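Here is the structure we will look at.
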Amino acid sequence: MDLPLPGWGYQDMVGIISTRDILAHPIITIRSFGWGVFFRAVFSSRDKPFLSLLNDAFTPSAELSPLLQRCIELELRAKRIYSALAKAFLDQWKVSQFFAVLAQQEQDHADLLELCRTAANRGDWKASLFCPWQDYLPRLEQQMADTEASMSEIDSVDAAFQLVFQVESSEINYVFQAAITATDSAFIKRLRPFQEELKNHLTYIVDQIPQLAPYLLLACRELRTKFPRILQ
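In my numbering, the protein residues as written are 319 to 550.
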């Protein structure tokens, strides 16, 4: 049986933000990014990601871009790790698909942070809400770099799952959530993907790993307890 893709359904527009999301909040979208972006998103560019429309319309700010780019790069590092694991276990289809889904989710996280950067560049940023996590970035960047460098040592499915627990138990998810919280934009606060993506991601992990490796049920329960506000 195929592993489910949580929260992935209606997607007229390609990418993590769908046409349905835009149509559900037209006034917020217009106030946040203008009529031009709204009309292109709804009528003229359904085969183009919403993020691409914003990149065409706005120039990143030099002040916030480096900080949020570091957060984005963390998500892309996680994507590379999970993509490598998906390829490493092609002979075990369900395991490979599990890691492929995680890799796509990490790309979605990076895309959501790109959208946060655009909103923040338009003045919707509360630095005080992100500051407590900013000091974690250097250590987290080093941890993720070390994990990427150790990929050649992963020689079993059990080791691969342990690596998932290592990555997801780090501060990467807290930093992701902090960046979304600090982006003081109605668009970010109201649209479904920003509110649900992290919960979907963590729920997918703690629900699917026990199906693939029942002996790791306790480890999944321990991971769940690290995010009580998210995994309620």
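Using N, Cα and C, we set each Cβ at its ideal position, and we do this for glycine too. Since the model is a prediction, treat every value here as computed from it, not as a measurement.
Item: Buried versus exposed, by CB contacts within 10 Å (16 or more), tyrosine 567; Value: Lying before the first or after the last residue shown, residue 567 is absent from the chain, which here runs from 319 to 550.
Item: Backbone CA spacing between arginine 358 and isoleucine 498 [nearest angstrom]; Value: 24 Å
Item: Residue closest to phenylalanine 417, alpha-carbon to alpha-carbon, out of Glu540, Leu549, Arg542 and His519; Value: His519
Item: Simplified DSSP assignment, three categories, for tyrosine 454; Value: coil
Item: Beta-carbon proximity check, alanine 500 vs lysine 444, cutoff 7 Å; Value: yes
Item: Nonlocal neighbours in the same chain, by C-beta distance under 7 Å from serine 503, ignoring five residues either side; Value: Ser350, Ala437 and Asp442
Item: Cβ-Cβ distance between alanine 531 and phenylalanine 479 below 7 Å; Value: yes
Item: Close Cβ partners of serine 487 (< 7 Å) along its chain, the five nearest in sequence each way excluded; Value: Leu541 and Lys544
Item: Continuous alpha helix (DSSP H) stretch holding lysine 405: start and end; Value: 383–406
Item: Endpoints, the alpha helix (DSSP H) within which isoleucine 472 is located; Value: Here isoleucine 472 belongs to no alpha helix (DSSP H), and DSSP marks it neither H nor E.
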